[in-house]
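Q: Mind looking over this structure? Questions follow.
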Amino acid sequence: MKTLMEVMPLEQWAEEVEVESGHEDEHALYEDTGATDAEDGGTSGRAAGGYEDPDAIKLYLKDIRKYPLLTREEEQELGRLMEQGEEAARSKMIESNLRLVVAVGKKYINRGLSFADIIEEGNLGLIRAVDKFEYRRGFRFSTYAMWWIRQAISRAVANQVRIIRMPVHVAEIAHAYARTVRKLTQELEREPFPEEVARKMKVSVEQVRTLSHMTRDTCSLDMLISDDGDDTLKDILRDDTLPSPASAIDEQRTRTFLNKCLSELSDTENSVVQLRFGLSSSDPRTLDSIGREIGITRERVRQIEKQAIGRLRDMTRSRISELADML
């Protein structure tokens with residue numbers, strides 16, 4: 373079974389438990405779309421296979437500022453219209469939150485993806501958040517969307533192919549293949565078949581298999597890399613993004629604490645929370661689908677969820693000293 377921390381960062385846990393709270397300075401968050409290294413031609417503006425046009429980035433940032441930010445009431449109204457199938461409402465919700473993607477994406481600069489790719493992946497996460505947004509829960513959309521945006525960008529960064537030396541035209545093809553696989557994986561929620569990638573790229577299946585082998589080539593960590601024959605590849609490689617042992621222990625303790633809280637819920641509350649937040653499946657479930665599975669009404673599921681969140685909030689507050697010791 374997945375733990376809550378594996379599918380939901382601690383920040384979102386706090387936002388879900390404290391449902392009445394939101395971003396105190398949400399407008400400032402959306403306005404955080406100023407100059408970046410990508411605009412200035414810095415290192416973050418260089419894509420894996422070439423140079424990123426800073427003028428294109430500036431034009432995009434200028435263009436998205438024309439979409440006005442939404443109030444809580446407007447978000448609720450758009451959510452209601454989207455539920456009725458209004459495509460225009462969906463488009464407006466996406467466009468009005470493009471600045472949020474930029475604000476979140478800036479934190480991922482210099483992690484292996486160009487700024488344009490970061491924004492592209494973040495926008496896919498934003499679209500997913502819009503499609504899953506449930507306005508009746510009363511949350512501000514940004515509280516919900518930030519997790520999906522971060523997840524999409526983080527997954528793309530993690531899946532970024534290693535740095536390899538190859539001719540520029542070959543590197544560009546390999547980069548296009550990697551981007552296509554990432555996008556299809558997010559759209560299909562599984563790894564795409566070679567035939568699906570081939571149709572998307574408009575190439576043959578055999579060419580896709582060749583690209584797949586090309587991007588999966590590996591080399592031994594014991595490979596000698598110095599002229600004197602003393603230094604190996606593993607001697608110069610170090611992943612600074614990995615958590616320290618102390619951080620790993622802290623995270624495990626936090627997971628233990630959260631799981632302990634969940635174990636004190638009733639069986640029905642526990643089931644609803646697990647299904648609602650995707651703890652026992654790949655995706656969070658809707659109220660309707662949970663109700664059908666458990667055999668109760670949608671409204672009853674909502675009441676149980678609210679009751680469970682309230683109990684978790686009380687448990688979190690009463691054990692704040694214990695949590696502080698763990699952190």
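Counting in my numbering, the sequence shown tops out at residue 699, every number present.
Using N, Cα and C, we set each Cβ at its ideal position, and we do this for glycine too.
As the structure is a computational prediction, the values presented were derived from the model and not from experiment.
Might you give, ordered along the chain, the residues of its own chain that have their beta carbon closer than 8 angstroms to the beta carbon of ARG500, omitting 5 neighbours on each side?
A: TRP520, ALA524 and GLN558
Q: Cβ atoms of GLU641 and THR579: under 8 angstroms apart, would you say?
A: Residue identity check: residue 579 is Gln in the sequence provided, not Thr. Taking 8 angstroms as the cut-off, the beta carbon of GLN579 is found no closer than this to the beta carbon of GLU641.
Q: CB-CB under 7 angstroms to ILE662, same chain, minus the five flanking residues each way: which ones, in chain order?
A: VAL644, LEU647, ARG648 and VAL673
Q: Apart from the five residues just before and just after ARG452, which ones in its own chain have a Cβ nearer than 7 angstroms to its Cβ?
A: Cβ within range, chain order: TYR507.
Q: Unbroken alpha helix (DSSP H) runs of length 4 or more, entirely within the region 459–510: which are they?
A: Segments of the alpha helix (DSSP H) lying fully in the region 459–510: 459–467, 470–477 and 487–504.
Q: Among ASP503, ARG512 and GLY494, which has the Cα closest to the Cα of ARG522?
A: GLY494
Q: Tell me the residue span of the alpha helix (DSSP H) that contains TYR439.
A: In the DSSP assignment, TYR439 falls outside any alpha helix (DSSP H), carrying neither H nor E.
Q: Measuring straight from C-alpha to C-alpha, what distance separates GLU447 and PHE511?
A: Cα to Cα, GLU447 sits roughly 10 angstroms from PHE511.
Q: Just to check my reading of the structure: ARG483 and VAL553 have Cβ atoms closer than 8 angstroms, yes? What is that Cβ distance to the nearest angstrom?
A: Actually they are not in contact, since the Cβ atoms of ARG483 and VAL553 sit about 18 angstroms apart, beyond 8 angstroms.
Q: Quick one: grab the DSSP three-state call for GLN558.
A: helix
Q: Is the beta carbon of ASP489 sitting closer than 8 angstroms to the one on ARG551?
A: Result yes, Cβ atoms of ASP489 and ARG551 sit closer than 8 angstroms.
Q: Quick check on DSSP: helix, strand or coil for LYS678?
A: helix
Q: Is ARG562 buried or exposed, if buried means 16 or more other CB atoms sit within 10 Å of its CB?
A: exposed
Q: Hey, out of LEU659, GLU449, GLY457 and ARG625, whose CA is closest to GLU677's CA?
A: LEU659
Q: Look at the alpha carbon of ARG509 and the alpha carbon of ALA517, and state the distance between them as a whole number of angstroms.
A: 14 angstroms
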